[in-house]
Amino acid sequence: ITTDWDYQATLARRHRYMSPSLGTFTAFSKPVVLKRARMQYVYDENDRKYLDCLAQNLCISVGHCHPLVNREAKKQIDEMVHCTTMYYQAVPAHFAEELVATMPAGEDWVVHFVNSGAEANDLALLMARLYTHNYEILSLRNSFHGLQGPAMTMTGIKTCRQSIPSDGGVVHVHNPDQYRGVFGATVDPYVNEIDITINSSTPGQVAGFIVEPIQGFGGVIPMPDTYLAKAFAQVRAAGGVCIVDEVQTGFGRMGSHMWGFESHGVTPDIVVMAKGIGNGYPLAAVVAKREIAEAMAKKKFFNTYGSNPVSCAAGRAVLRVIADDDLMGNVIEAGDLLESRMIALKEKYSFIGDFRGRGLMRGIEFVKDRTTRESAPEEAAMVAELNKDNGLIVGRGGVHGNIIRINPPICATKDDMQFAAEVIEHSCSRI
Ligand code: PMP
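Numbering (UniProt numbering) for the sequence shown: 7 to 437.
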């Protein structure tokens, strides 16, 4: 089997044979064709190197083609690539044990492997409903939980919602966006709104509440410090369970903690994982308190590829690499450096309205005017394109596309962040 790597031919084949519904996120005027990738870098068909701060929206956690991840996956490929939910197999069972060990102590956690984040969120919702015997789920405006099924309905961004009848029972509440949220920067009105919504838009009892510790696709919106604890209390008082979607925030990306929820001093009832869990190998997981998972044990739930041993072998290696290479320590160092450089940049350019995030999950919000905070998507797009021309790939986010997202694999170093800051600064100087 041979592959034609010609740039124009690749674009032509994609346009001719792949569905136009497959978006490209970056929307560069001259798209990048990737040929290979190593750790925090990707290379195009001419072997031009880019620092990958998009990492397919955080799917690559410990580094592209990480040697240990690939070694473990290859070992398993040669042993067996059988999807094994119908059988017993050691590798997924080991991985489940190792994931449970990362969860807060004192609870009886169990793991249910599936294939994608959307599927995992659907399963989490199903578990919540069966366990509580309630139907309504509270989700946040501006959230992203997937692009299909109930997960799409839980998603609170218009660009991710198709014009079809929505799955019932999803009620959106205002997200506590400290920069442009409807209630400003104080937390309590957002918490009160949960109470008001439960009393007005549900029977008074809910199945649960789902939240990303930092809204990623929505434009890197961190949940403020006391919000999760207060929100969880409201939801639990109405009979609901609390689901944290760690698809972007998990696996050490915050630096200070393995999971995004940990810095909020809360223990969720269900934790949803995907993307970084397999460092590119398809895998997702719902980690739930046993009693919640048991609520759906009468009827079995499985899908063909869930807990496939190759992805689970890769996942085990991800956990090992995070620990052995002290990647969380690295995230703090690299993230702090980026933060100080970006804070200085914000002083310099009035079109940078906000810089935020934690660890190696950061966002720069572009505005036309700091007082009105009107979004500046064109400026964000120009900076992203100029960055790319200078060897740095970043993502974009937010409903208006005016937020630049910097999410490299967590092996990206201080030097890489120094490089990223310099490229971004140079791009800003050209606006
Ligand atoms: N939750 C979050 C927070 C996500 O960012 C995503 C993907 N961007 C998903 C869920 C859905 O994951 P998947 O694309 O694997 O369905």
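Ideal placement from N, C-alpha and C gives every residue a C-beta, glycine not left out.
Start-to-end residues for the beta strand (DSSP E) that takes in residue i
i	result
residue 464	This structure gives no information on residue 464, because the portion of the chain shown stretches from 7 to 437.
residue 41	40-44
residue 251	247-251
Per-residue DSSP class, three states only, for residue i
i	result
residue 110	coil
residue 241	helix
residue 82	helix
residue 142	coil
residue 266	helix
residue 228	strand
residue 381	strand
residue 166	helix
residue 434	helix
residue 131	helix
residue 70	strand
residue 290	strand
residue 123	helix
residue 389	helix
residue 358	strand
Distance cut-off 7 Å: residue i Cβ against heavy atoms of the ligand PMP
i	result
residue 151	yes
residue 127	yes
residue 29	no
residue 254	yes
residue 122	yes
residue 181	no
residue 223	yes
residue 58	no
residue 218	yes
residue 280	yes
residue 301	no
residue 438	Any property of residue 438 remains undetermined from this structure, which presents the chain solely from 7 to 437.
residue 63	yes
residue 173	no
residue 251	yes
residue 290	yes
Per DSSP, cross-strand counterpart(s) of residue i
i	result
residue 368	363, 412
residue 55	49
residue 304	Paired residues: none, contrary to the question.
residue 295	115
residue 400	59
residue 220	228
residue 279	291
residue 373	381
Enclosing alpha helix (DSSP H) for residue i [first to last residue]
i	result
residue 34	Note, residue 34: premise wrong, no alpha helix (DSSP H); not H, not E.
residue 158	155-160
residue 173	Run containing residue 173: none; DSSP gives neither H nor E here.
residue 321	315-330
residue 217	Here residue 217 belongs to no alpha helix (DSSP H); instead the beta strand (DSSP E) covers 214-217.
residue 20	13-23
Residue-chain proximity (residue i, chain D), Cβ-Cβ < 8 Å
i	result
residue 269	In the structure shown, chain D does not exist; there is a single protein chain.
beta-carbon residue i near the ligand ZN non-hydrogen atom, thresh 7 Å
i	result
residue 201	Annotation note on the ligand ZN: not contained in the displayed structure, which lists the ligand PMP as its ligands.
Would you call the segment 172-189 and the segment 252-265 touching, i.e. three or more CB-CB distances under 8 Å? No, the segment 172-189 is not in contact with the segment 252-265.
Count the C-beta pairs between the segment 307-327 and the segment 344-354 that are closer than 8 Å, then say yes if the count reaches three, no if not. They do not touch, by the three-pair rule.
Evaluate the contact criterion for the segment 226-246 versus the segment 377-384: three or more CB pairs, one atom per stretch, below 8 Å. Contact fails: fewer than three Cβ-Cβ distances are below 8 Å.
Would you say the segment 299-315 touches the segment 74-90, given that touching needs at least three Cβ pairs under 8 Å? Cβ pair count under 8 Å is three or more, so yes.
Touching or not, the segment 205-218 and the segment 149-156, by the rule of three or more beta carbon pairs under 8 Å? Yes, the segment 205-218 is in contact with the segment 149-156.
Would the segment 8-21 and the segment 357-372 be scored as touching if the rule is three or more Cβ pairs under 8 Å? Cβ pair count under 8 Å is below three, so no.
Between the segment 388-406 and the segment 50-61, do at least 3 Cβ pairs fall closer than 8 Å? Counting Cβ pairs under 8 Å, three or more are found: they touch.
Cβ contact check for the segment 282-300 and the segment 113-129: 3 or more pairs under 8 Å: The segment 282-300, when compared against the segment 113-129, does touch it at the 8 Å Cβ threshold.
Is it the case that the segment 119-130 contacts the segment 274-291, given that we only count it when at least three CB pairs across the two stretches are under 8 Å? Contact between the segment 274-291 and the segment 119-130 is present, because at least three Cβ pairs lie under 8 Å.
Can you confirm whether the segment 125-143 touches the segment 206-215 when touching is taken to mean that 3 or more C-beta pairs between the two stretches lie within less than 8 Å? With the cut-off at 8 Å, the segment 206-215 and the segment 125-143 touch.
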